[in-house]
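Here the structure comes first, spelled out in structure tokens, and everything after it is commentary.
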Amino acid sequence: MTEDSYRLDDSVRTFLAGFTHDLSNPLTTLLGYSQLLQRATSLEKSQQYAETILAQAKRCQRRIQGLRCYLSLSPPQMKPIALEQVLRVSLDGNKAYCEAQRIALDAEISDSAIIIDGDASLIQSSMDMLLENAVVALATGVESPRITVRLTCDDDWAFIVVQDNGPGPGVERLDDLFSPEYTTRGTGNGLGLGLPTARSIAQSHGGSVECTVDTKPGLCVRMQFPLRQDKASTT
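In this text, residue positions in the sequence shown follow the working numbering: the first is 3, and each later residue adds one.
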């Protein structure tokens, strides 16, 4: 076997180790709430646990769909969607994960409809990854850790912003964040696929992703998508 073949094998091994770690967070939550469901003493608690289990199972499914998009294996299924509804589903699905890490998850979402042509599942997948990145950044012992998600728009574009109050990368590292090989998690602890995948998903929708470090602590990630020109009702 050639040296290049060994290098490929190592690359595949690292990729699989990281990807399985990325799936382990929602699976751990899913298993934990399954055990709680077994011991539930009321119908209300049973329904609450079942809803969390369903949300985490969907999160795993979206993670795989997002990776397929990143690898150009699955094109987006475009249709008119209301971004505020998509974001609320994603935030509900990540609420238990953030609570388990003792991280506050705030949302500033307009009540008015913001319509784009997009794939709701892929956009939720990108949100899952960006929120998980923020949780990892806040795992360094930040006081009062917080993630804020904002949804705004202008005449032509919709903007989703994910801001954490972690230590943040240096300005010189901003370009590195979009490299799959760049990660601060360490070998076997997840890949740096969150931002590259989110950018791939945004670009497949005619949009983009940018990262900034401003006067506030932490990292600010902004995704933008073109608004649907015919703002008819969603289907």
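Quick reminder that beta carbons are idealized off the backbone N, C-alpha and C, glycines included.
Three-state secondary structure (DSSP) of G170: Coil, per DSSP.
8 Å Cβ cutoff met for T31 and A98: Against a cut-off of 8 Å, the Cβ pair of A98 and T31 comes out as a contact.
Distance CB(T199)-CB(S92) smaller than 8 Å: Not in contact: T199 and S92 (Cβ atoms no closer than 8 Å).
Distance between S44 and A109 (C-alpha atoms, nearest Å): For A109 and S44, the gap between their C-alpha atoms comes out near 30 Å.
Which of helix, strand or coil DSSP assigns to L221: Coil at L221, not helix or strand.
For V164, the nearest candidate out of R148, D156 and P171 (CA to CA): Ranking the options by Cα distance to V164, first place goes to R148.
Own chain, CB closer than 7 Å to K60, minus 5 neighbours either side, in chain order: Excluding sequence neighbours, K60 sits near G95.
C-alpha gap between K81 and P28, whole angstroms: Rounded to whole angstroms, the separation of the alpha carbons of P28 and K81 is 27 Å.
Residue(s) in a DSSP beta bridge with P82: D119.
From Q231, I116 and F227, residue whose alpha carbon lies closest to that of L124: From the listed residues Q231, I116 and F227, the smallest Cα separation to L124 is found for F227.
Helix, strand or coil at I105 according to DSSP, with G and I counted as helix: When secondary structure is reduced to three states using DSSP, I105 falls in the coil class, being assigned neither helix nor strand.
Reduced DSSP category for Q226 - H, G, I as helix; E, B as strand; rest coil: Residue state, collapsed to three classes: strand.
Residues bridged to A160 [DSSP beta-bridge criterion]: In the DSSP assignment, A160 is bridged to C155 and F227.
Pairwise C-alpha distance: Q58 and I83: In a straight line, the C-alpha of I83 is about 22 Å away from that of Q58.
Opposing strand residues paired with V211 [DSSP bridges]: According to the DSSP secondary-structure assignment, V211 is paired through a beta bridge with M225.
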